[in-house]
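Enquirer:
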Amino acid sequence: MPHKDSIQRDIESGLNDLRSVGPKKPVGYLPVNMLTTYFGSSISEWFQFATKHRLNVMLTGRDSQGRVPFLYLYHRDALQALLTQKIDVLQAAGWPSHPEEFIKRMNIEDAKLGTPLYDLIADAFGDKDNPCRSDRQ
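Plus 22 on top of the position in the sequence shown (first one is 1) and you've got the numbering used here.
Pasting the structure below:
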């Protein structure tokens, strides 16, 4: 059985993924069931957090492949700036450049590791040190 301190660290780490969303980390997400059950948060708390910090929220539903619902928090202006900066990557991959459509696509499709699209998605999550990035290989 996991140690209580390790569980608390996992909880804080997960919640920090959402709490740190902003200009340098445009997107964060967690499964809804993890937020409500494991972390003890309510969805309404995250809507209030988003409003207070001028962020946007997107809730996804269970899709046809059985993926669980997720709560995404995002800084729309920062995400739009990143997507605009990397428009060539998006066009080459056939991905949308509109923040909400981009998040919906991320929710249902994974980018191939070590590609410019993967790097862009890692940048959206503020993950500059991801070992699977094309610029880290």
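Just so you know, even glycine gets a beta-carbon here, dropped at the ideal spot from N, CA and C. A quick note: this is a predicted structure, and the numbers were derived from the prediction, not measured.
(1) By a C-beta neighbour count over all protein chains shown, 10 Å radius and 16 as the cutoff for buried, is alanine 114 buried or exposed?
(2) Considering just the uninterrupted stretch of the beta strand (DSSP E) at asparagine 129, what are its terminal residues?
(3) Against chain B, with Cβ distances strictly below 7 Å, would alanine 114 count as a contact?
(4) Per the DSSP calculation, leucine 93 is bridged to which residue(s)?
(5) Buried or exposed: proline 121, going by 16 or more other Cβ atoms within 10 Å of its Cβ?
(6) Would you mind sorting arginine 158 into buried or exposed? The rule is 16 or more other CB atoms within 10 Å of its CB.
(7) Compare the Cα-Cα distances from serine 63 to each of Leu77, Asn78, Leu40, Lys46 and report the closest residue.
(8) DSSP puts isoleucine 136 in a beta bridge; with which residues?
(9) Can you give the Cα-Cα distance for leucine 37 and leucine 81, rounded to whole angstroms?
(10) Taking the straight line between their C-alpha atoms, what separation do you get for proline 48 and glutamate 34?
(11) If we count the other Cβ atoms within 10 Å of its Cβ and call it buried at 16 or more, is isoleucine 125 buried or exposed?
(12) For the alpha helix (DSSP H) that contains aspartate 110, what are its first and last residues?
Expert: Walking through what the data contain:
(1) exposed
(2) Counting along the chain, asparagine 129 falls outside any beta strand (DSSP E), though it belongs to the alpha helix (DSSP H) covering 121 to 130.
(3) The question asks about chain B, but that chain is absent: this structure has only one protein chain.
(4) Leu52, Leu81
(5) buried
(6) exposed
(7) Leu40
(8) In the sequence under discussion, the amino acid at residue 136 is glycine, which differs from the isoleucine named in the question. According to DSSP, which records beta bridges pairwise, glycine 136 is partnered with nothing at all.
(9) 16 Å
(10) 19 Å
(11) buried
(12) 109 to 115
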